[in-house]
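First residue of the sequence shown: 39, per the working numbering; consecutive thereafter. Glycine residues also receive a C-beta, built at the ideal position from the N, C-alpha and C atoms. Please read these numbers as outputs of a predicted model, since none were measured by experiment.
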Amino acid sequence: MIAKLISKLQEKTDLTYEEMNQVMTDVLSGNTSDSENADFLSNLADKGETDDELLGMLDKMQEFSLKIEPKNTGAIIDMCGTGGDKLQTFNISTTASFVVAAAGGIVAKHGNRSSSGISGSADIFEYFGYDLNLEPSQIADILEKHNIGFMFAQKFHPAMRYVSAARKQLGKRTAFNLLGPLSNPAGVKNQLVGVFSIEYLDRLPKILKRKGAKNIMTVRSDDGMDEFSTSSTNRVCILRDDKVLMNAIDPEVVGLHKSSLKDIQIQTKEDAIKSFVGVLNNTANQAMIETTALNAAGGLIVANISNNFEEAVELALNTIKDGKAFSLLEKFVQDTGDVSKLKEIIDG
Numbered sequence: 039m040i041a042k043l044i045s046k047l048q049e050k051t052d053l054t055y056e057e058m059n060q061v062m063t064d065v066l067s068g069n070t071s072d073s074e075n076a077d078f079l080s081n082l083a084d085k086g087e088t089d090d091e092l093l094g095m096l097d098k099m100q101e102f103s104l105k106i107e108p109k110n111t112g113a114i115i116d117m118c119g120t121g122g123d124k125l126q127t128f129n130i131s132t133t134a135s136f137v138v139a140a141a142g143g144i145v146a147k148h149g150n151r152s153s154s155g156i157s158g159s160a161d162i163f164e165y166f167g168y169d170l171n172l173e174p175s176q177i178a179d180i181l182e183k184h185n186i187g188f189m190f191a192q193k194f195h196p197a198m199r200y201v202s203a204a205r206k207q208l209g210k211r212t213a214f215n216l217l218g219p220l221s222n223p224a225g226v227k228n229q230l231v232g233v234f235s236i237e238y239l240d241r242l243p244k245i246l247k248r249k250g251a252k253n254i255m256t257v258r259s260d261d262g263m264d265e266f267s268t269s270s271t272n273r274v275c276i277l278r279d280d281k282v283l284m285n286a287i288d289p290e291v292v293g294l295h296k297s298s299l300k301d302i303q304i305q306t307k308e309d310a311i312k313s314f315v316g317v318l319n320n321t322a323n324q325a326m327i328e329t330t331a332l333n334a335a336g337g338l339i340v341a342n343i344s345n346n347f348e349e350a351v352e353l354a355l356n357t358i359k360d361g362k363a364f365s366l367l368e369k370f371v372q373d374t375g376d377v378s379k380l381k382e383i384i385d386g
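This is the structure:
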């Protein structure tokens, strides 16, 4: 079947939802070869993926994944980017996730090791001794206790191993880069997603709306980040109450200082860890703290905790300044990892 669909894609013919759903069953069952998978993904990218095609892939990815059933009451969110901006910034969404959780949100973080950056969310959690291979029920317990938990994509999407060779071989973005952040195993309906291209800013909320999403925000900064930036204007698309609205968020308008991209860039994994801890204990530079606060603000809005960016930014900054964010990190690491690792960084 895949050969026939590759021919269709080469002719720039769109696939139906059903065709995509069927072929993904073969792909994720390991019934296709690496070269077929590479051909398929490459031709799909060259043609350009339709919403139906992406939805067909996403539904099948979720069907093949492990699931977590959270016990928390209240809106559970995820916040992450599609990755691949190659700007080597510190782990903004991971840091912001702890701020959101400390401010009253519930964050079921889903992520991987870094694809193009120095350090991904999994690298941070792993550094502090968190077991990336925890079972879904164990993560549900952690999430209930701390209002934050981490689901390692490789653990929760074992069928994705069948496309890893093809993705490596291609060395370029494929539909899976886009779908990874949308395939949260906790089935979140509220999400902040950074996108690598302005084209997807309004498309992703519309795709997620078809899956029953409630409160979605996508962001792309004018300086090329798949996160909120304090060094440029940010383009935002919000799905709320079944309406999709576009907006632009200027950091200075919401009470923050204009920064430079170089202030939030890192060079090593050690820098990544130090920046993460430094923001949460309020010792990092202003740009890192405010970039985290702006991203946390997006999370607080999709979590229905704040109504607007001014209010959300203030709450995020106060959560860092009054020590709540760092206190959560300490308790989290004590419970799920090795607290001596945290002491090492602080004593530096």
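- Item | Residues near Asp376 in its chain [Cβ-Cβ closer than 8 Å; skip 5 each side] | By one-based count along the sequence shown, residue 376 stands at place 338. Within the same chain, Asp376 has close Cβ partners Phe166 and Gly167.
- With a threshold of 7 Å, establish whether the CB of Ser221 neighbours any heavy atom of the ligand ADP. Only the bare structure without any ligand can be found here, which leaves the ligand ADP out of the picture.
- Task: For Val317, write down the residues that DSSP places opposite it in a beta bridge.
- Result: By one-based count along the sequence shown, residue 317 stands at place 279. As DSSP reads the structure, Val317 sits in no beta bridge.
- Query: Given a threshold of 16 other Cβ atoms within 10 Å of its Cβ, counted over all protein chains shown, does Met39 qualify as buried or as exposed?
  - Reply: Counted from its first residue, the sequence shown places residue 39 at position 1. With fewer than 16 other Cβ atoms within 10 Å, it is exposed.
- Please classify Ser304: does DSSP put it in a helix, a strand, or coil? Along the sequence shown, one-based indexing puts residue 304 at 266. Just to set this straight, residue 304 is Ile in the shown sequence, not Ser. Coil at Ile304, not helix or strand.
- Task: Specify the secondary structure class of Gln332 as computed by DSSP and reduced to three states.
- Result: Reading the sequence shown from its first residue, position 294 is the one you call residue 332. A small correction: the amino acid at residue 332 is Leu; Gln does not occupy that position in the sequence shown. Residue state, collapsed to three classes: helix.
- Task: Identify the continuous beta strand (DSSP E) that holds Asn228 and give its terminal residues.
- Result: Locating residue 228 in the sequence shown gives position 190, counting from the first residue. Looking at the DSSP string, the run of the beta strand (DSSP E) that includes Asn228 is Asn228 to Gly232.
- Task: Report the partner residues of Met117 according to the DSSP bridge assignment.
- Result: Along the sequence shown, read from residue 1 onward, the residue named residue 117 stands at position 79. Looking at the DSSP assignment, Met117 forms a beta bridge with Leu230.
- Message: Rounding to the nearest angstrom, what Cα-Cα distance links Gly293 and Val351 in this structure?
- Response: To locate residue 293, count along the sequence shown from 1; it is residue 255. To locate residue 351, count along the sequence shown from 1; it is residue 313. Taken atom to atom, the span from the alpha-carbon of Gly293 to that of Val351 is near 8 Å.
- Task: Spatial neighbours of Asn59 within its chain, please: CB distance less than 7 Å, with the 5 preceding and 5 following residues excluded, ordered by chain position.
- Result: Taking the sequence shown and counting its residues from 1, the one referred to as residue 59 is at position 21. Excluding sequence neighbours, Asn59 sits near Gly94, Asp97 and Lys98.
- Query: Around the C-beta of Val257, are 16 or more other C-beta atoms found within 10 angstroms, so that it is buried, or is it exposed?
  - Reply: The residue you call residue 257 lines up with position 219 of the sequence shown. That one is buried.
- Item | Residues bridged to Lys281 (per DSSP) | Residue numbering aside, residue 281 sits at position 243 when the sequence shown is read from its first letter. Residue pairing by DSSP puts Lys281 in a beta bridge opposite Arg278.
- Task: Take Ser298 and list the residues in its own chain whose beta-carbon comes closer than 8 Å to its own, dropping the five residues that flank it on each side.
- Result: As a working note, residue 298 is residue 260 in the sequence shown. Once the five neighbours on either side are set aside, the close Cβ partners of Ser298 are Ser269 and Ala325.
- Who does Asn148 pair with in a DSSP beta bridge? Here residue 148 is taken as the residue at index 110 of the sequence shown, counted from 1. Correcting the residue identity first, residue 148 is His in this sequence and not Asn. Per DSSP, Met189.
- Task: Could you give the DSSP three-state label for Ser73: helix, strand or coil?
- Result: Here residue 73 corresponds to residue number 35 of the sequence shown, with the count starting at 1. Reduced to three states, the DSSP call for Ser73 is helix.
- Cβ-Cβ separation, Ala251 to Thr271 (assumed contact under 8 Å), whole Å: For the purposes of this step, residue 271 is identified with residue 233 of the sequence shown, where counting begins at 1. For the purposes of this step, residue 251 is identified with residue 213 of the sequence shown, where counting begins at 1. No, Thr271 and Ala251 are not in contact; Cβ-Cβ is about 25 Å, not under 8 Å.
- Task: Return the first residue and the last residue of the beta strand (DSSP E) that Val257 is part of.
- Result: Locating residue 257 in the sequence shown gives position 219, where the first residue counts as 1. Element bounds for Val257: Asn253 to Ser259.
- Query: According to DSSP, which residues form a beta bridge with Arg273?
  - Reply: Reading the sequence shown from its first residue, position 235 is the one you call residue 273. Residue pairing for Arg273: DSSP places it in a beta bridge opposite Arg258 and Ala286.
- Message: Buried or exposed for Ile384, going by 16 or more other Cβ atoms inside 10 Å?
- Response: Walking along the sequence shown from the start, residue 384 turns up at place 346. Counting other Cβ atoms within 10 Å of its Cβ, Ile384 stays below 16 and is therefore classed as exposed.
- Put Thr133 into one of helix, strand or coil per three-state DSSP. Position 95 of the sequence shown, counted from the first residue, corresponds to residue 133. For Thr133, the secondary structure class from DSSP, reduced to helix, strand or coil, is helix.
- Item | Simplified DSSP assignment, three categories, for Thr111 | The residue labelled residue 111 in the question sits at position 73 within the sequence shown. Coil.
- Query: Between Ile156, Ala113 and Phe194, which lies nearest to Gly149 when the distance is taken from Cα to Cα?
  - Reply: Within the sequence shown, numbered from 1, the residue matching residue 149 stands at position 111. The shortest Cα separation from Gly149 among Ile156, Ala113 and Phe194 belongs to Phe194.
- Item | Assigned exposure category for Met284 - 16 Cβ within 10 Å defines buried | As a first step, residue 284 is located in the sequence shown; it is residue number 246 there, counting from the start. Looking at its Cβ environment, which holds fewer than 16 other Cβ atoms inside 10 Å, Met284 is exposed.
- Message: For a quick check, are the C-beta atoms of Leu170 and Ala178 less than 8 Å apart?
- Response: Residue numbering aside, residue 170 sits at position 132 when the sequence shown is read from its first letter. Residue numbering aside, residue 178 sits at position 140 when the sequence shown is read from its first letter. Remark: C-beta atoms of Leu170 and Ala178 do not approach each other more closely than 8 Å.
- Query: Considering only C-alpha positions, which residue in the set Met189, Gly187, Leu47 and Gly218 is nearest to Ser202?
  - Reply: Within the sequence shown, residue 202 is the residue found at index 164, counting from 1. The residue from Met189, Gly187, Leu47 and Gly218 with its alpha-carbon nearest to that of Ser202 is Gly218.
- Message: Bridge partners for Thr127 per DSSP, in chain order?
- Response: Working through the sequence shown from its first residue, we reach residue 127 at position 89. According to the DSSP secondary-structure assignment, Thr127 is paired through a beta bridge with Gln303.
- Query: Hey, how far is the Cα of Thr133 from the Cα of Thr51?
  - Reply: Walking along the sequence shown from the start, residue 133 turns up at place 95. Walking along the sequence shown from the start, residue 51 turns up at place 13. So the alpha carbons of these two residues sit roughly 42 Å apart.
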